[in-house]
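Peer 1: I'd like to ask some things about the structure below.
There are 2 protein chains.
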Amino acid sequence: MDMHTVEELSKVLKVLGDPTRLAMLKQMETDEQCACSFVDCFDISQPAISRHLKMLRQAGLLLERRDKQWIHYRLNEASPFYPLVMELLGQVELHDPTGTSASTCNVKSS
Amino acid sequence: MDMHTVEELSKVLKVLGDPTRLAMLKQMETDEQCACSFVDCFDISQPAISRHLKMLRQAGLLLERRDKQWIHYRLNEASPFYPLVMELLGQVELHDPTGTSASTCNVKSS
DNA sequence: TTTCTGTATAACGAAATCGTTATATAACGT
DNA sequence: ACGTTATATAACGATTTCGTTATACAGAAA
């Protein structure tokens with residue numbers, strides 16, 4: 303098991319401690335996601351989504367792949383926090399992650 | 303394994319996402335701690351310590367035991383987040399949790 | 001009762017957070 | 001070139017966070 307300093311770990315937990323970001327990560331649990339899918343899925347503006355993605359990226363939790371004009375994000379399996387993130391996501395219920403999801407959100411299937 | 307909603311989990315992660323609170327929890331990992339020991343251990347004021355403890359209590363993570371004028375806090379093993387907290391604490395390095403600990407902090411032993 | 005120690009709360013300020021709208025940039029299609 | 005779509009950044013405001021100092025409360029001891 304990898305060990306972390308209090309500073310490192312608390313920084314990551316702070317990033318995870320937002321319902322929108324946590325729900326975004328949940329959507330990336332199994333597949334990569336296009337940034338635009340988050341815009342459809344959450345009832346916040348596209349710039350707000352973009353900033354959340356930036357925070358997740360800066361925490362080292364995400365990798366991106368550009369395909370034409372779309373940018374696909376996925377979990378960074380090489381992050382020292384990847385095991386932790388996966389375990390947390392495993393404890394997150396599906397359906398309507400934030401109560402803010404639009405009807406097109408692919409996480410809400412029930 | 304217990305499951306949590308995104309809302310619940312993100313709320314707890316937010317509480318955990320502060321270096322002082324995470325270090326406080328680390329000190330309670332094995333033993334209960336008197337509130338005053340945190341005051342000695344961190345370079346912030348007593349009221350600041352008190353507010354951090356209140357947040358941890360309100361998140362359901364702590365239980366308290368009054369003994370004369372001292373209040374001893376310990377992890378709430380009945381919290382649905384207790385297993386998660388313990389696992390996180392297991393990934394936290396000891397020594398000088400925040401870089402802010404005073405020389406009397408009992409966590410820094412090396 | 002007064003005093004001391006331990007803890008909590010009130011009131012305040014600086015900085016961070018998280019949303020918005022407006023605008024810029026990148027890549028595609030016509 | 002131009003318009004459209006996808007994404008990022010800038011600028012701003014409301015709210016939250018986290019520290020402080022001052023004060024209140026609780027219990028012990030003189």
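The listed protein sequences correspond, in order, to chains A and B.
Following our numbering, the numbering of the first sequence begins with 303 at its first residue and continues without gaps.
Following our numbering, the numbering of the second sequence begins with 303 at its first residue and continues without gaps.
Just so you know, even glycine gets a beta-carbon here, dropped at the ideal spot from N, CA and C.
1) Do you know whose CA, among A/D304, A/R368, A/S381 and A/Y384, lies nearest A/C338's CA?
2) Would you give the residue range spanned by the beta strand (DSSP E) that B/H374 belongs to?
3) Is there contact here, the region 335–354 of chain B with the region 306–326 of chain B, by at least three beta-carbon pairs under 8 Å?
4) At a CB-CB cut-off below 7 Å, which residues of chain A make contact with B/A325?
5) So what's B/F340 in DSSP terms, helix, strand or just coil?
6) Along the region 383–395 of chain A, where does the CB come closer than 8 Å to a CB of chain B? Name the residues.
7) Note down the Cα distance separating A/D345 from B/H374, rounded to an integer number of angstroms.
8) Can you list, in chain order, the residues of its chain with a C-beta nearer than 7 Å to that of A/L390? Leave out the 5 residues immediately preceding and following it.
9) Check the C-beta distance from A/W372 over to A/C336 and give it rounded, since I have them as a contact under 8 Å.
10) For A/G319, would you say it is in contact with chain B, using Cβ-to-Cβ distances shorter than 8 Å as the test?
11) Starting from A/E366, trace the alpha helix (DSSP H) in both directions and tell me its first and last residue.
12) Which class does B/Q335 belong to by DSSP, given the choice of helix, strand or coil?
13) Closer than 6 Å by C-beta to B/F383: which residues in its own chain qualify, once you throw out the five before and the five after it? Chain order, please.
14) Where do the ends of the alpha helix (DSSP H) carrying B/I346 lie?
15) Output, in chain order, the set of chain A residues within a Cβ distance shorter than 8 Å of B/M303.
16) Looking at the unbroken alpha helix (DSSP H) that takes in A/S312, where does it start and where does it end?
17) Considering only the alpha carbon of each residue, which of B/E309, B/H397, B/T332 and B/V308 lies closest to B/V387?
18) Would you please state the rounded distance, in angstroms, between the beta carbons of A/L377 and A/L364? I believe it to be under 8 Å.
19) Leaving aside the five residues before and after A/V341 along the sequence, list all residues of the same chain whose C-beta is less than 6 Å from its C-beta, in chain order.
20) Between which two residues does the alpha helix (DSSP H) harbouring B/V394 extend?
Peer 2: Once the coordinates are examined:
1) A/R368
2) W372 to L377
3) yes
4) V308
5) helix
6) L386, E389, L390, G392, Q393, V394 and E395
7) 43 Å
8) L318
9) 5 Å
10) yes
11) Not the alpha helix (DSSP H): A/E366 falls in the beta strand (DSSP E), residues L364 to D369.
12) strand
13) V314
14) From DSSP, B/I346 is part of no alpha helix (DSSP H); its letter is neither H nor E.
15) G392 and Q393
16) V308 to L318
17) B/T332
18) 7 Å
19) Q348 and I351
20) No alpha helix (DSSP H) contains B/V394, which DSSP labels as neither H nor E.
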